[in-house]
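See structure below.
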Amino acid sequence: MKIQLIDTGYFYVDCGVMFGAIPKTTWQHRYPCNDKNQGVLAMRSALVHSDDGHIVLLDTGAGDKQLKQLSYYGFFNLTNLAEELSKQNILPEQITDVVLTHLHFDHCGYLTRRNESGEMPVMVFPNATHWISRAQWENSRHPNPLEKDSYFTENIEAVSKANKIRLIDEDTELCRDIRLRLYDGHTPGQIAPYIKTPERTVVFAGDVIPLAANVSPEWISAYDTFPVTSYYEKVRMLEEASAQGQALIYCHDAYIRCSTVRKVNDFYKTDHILTYD
Ligand SMILES: [Zn+2]
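Residue numbers are given in the numbering used here: position 105 of the sequence shown equals residue 311, and the series is strictly consecutive.
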């Protein structure tokens, strides 16, 4: 089992949004921002080689199809994921599975790309099974008003037409050492992959815990559509992670990629920093 983290690009958000009701006087010590209050967020993917032959990609970042519509976010250092994989001698055709934590643009945009003539987007990973929760799929087809701008049909339509989507209704094994578990709060039916390695279980936490600073359960992003649910879902993830020595991958943290967590009294703190690069 081998895990490798790939940053597919970066963008800016108003940093306060990442911490909801927490005042800047508190969060400014935990995440840097510029004089416009903007913080840099990463879009992190993970490439996982399982011992039983699966080559799995977790999330894909935004890609470059919607840069005009999303110019507000000031995307920079975008990575061509296919080129990144070729450096590891992997062709996009060899990816056996793509797991989408959810279908917001910053997690699934690179599933499709425009072909040379700029026509309808085509699949980037044509042979992969694309794992999505049914709850997330339904939510993306009929989004609530707060999430509707986060979904772009062109990111997933070609995959759907090719019949390459596998919808899951409950926690499911992708293969022997990768379990896909469902978490609500940020959006319905987010998938958090749990990867068993000889040292520890590594959790791709997605937007359940997007930044290391979000390990405090009350530090909930204002992007979360069901914040009270987010609180309890985070505690569920953190209780297990701290008790079992699991490591969490923070998909949006530009500074801390992964860490174990420790429970101190009623608080959770990041513990050992890991990189997986
Ligand atoms: Zn996100």
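We put the beta carbon where it would ideally sit given N, CA and C, even for glycine.
query: Residues around ligand 1, please: the condition is that the C-beta lies closer than 7 Å to some non-hydrogen atom of it.; result: H310, D312, H313, D413, P416, C457 and H458
query: Near P332, what residues of its chain come up, given a Cβ to Cβ distance below 8 Å and the 5 sequence neighbours on each side ignored?; result: P298, E299, A368 and K370
query: Consult DSSP for V408 and reduce its assignment to one of helix, strand or coil.; result: strand
query: Please state the DSSP three-state secondary structure of C381.; result: strand
query: Would a C-beta distance cut-off of 7 Å place R340 and D375 closer than the cut-off?; result: yes
query: Could you tell me the boundaries of the alpha helix (DSSP H) in which M443 lies?; result: P433 to Q450
query: Please confirm whether G391 and T435 have their CB atoms less than 7 Å apart.; result: yes
query: Under 7 Å between the Cβ atoms of G245 and I426?; result: no
query: Taking only the alpha-carbon atoms, compute the straight-line gap between N361 and V328 and give it to the nearest angstrom.; result: 9 Å
query: Let me make sure I understand the geometry here. Which of W233, G451 and E325 has the alpha-carbon closest to that of L480?; result: G451
query: Taking just the CA atoms, how far does H313 sit from G222?; result: 21 Å
query: Can you tell me whether M224 is helix, strand or coil according to DSSP?; result: helix
query: Quick test of your reading: I415 and I209, contact by CB under 8 Å. State the CB separation rounded to the nearest angstrom.; result: Contact flag wrong, Cβ pair sits at about 17 Å.
query: Please list, in chain order, all residues of the same chain as D265 whose beta carbon is under 6 Å from its beta carbon, the five residues on each side excluded.; result: S251, T307 and H313
query: So for V365, helix, strand or coil by DSSP?; result: helix
query: Out of T476, Q275, Y438 and Q234, point me to the one whose CA is closest to D355's CA.; result: Q275
query: Between the C-alpha atoms of N156 and F281, what's the straight-line distance to the nearest angstrom?; result: The question about residue 156 has no answer, for the chain in this structure spans 207 to 483.
query: Any idea what DSSP makes of R387, helix, strand or coil?; result: strand
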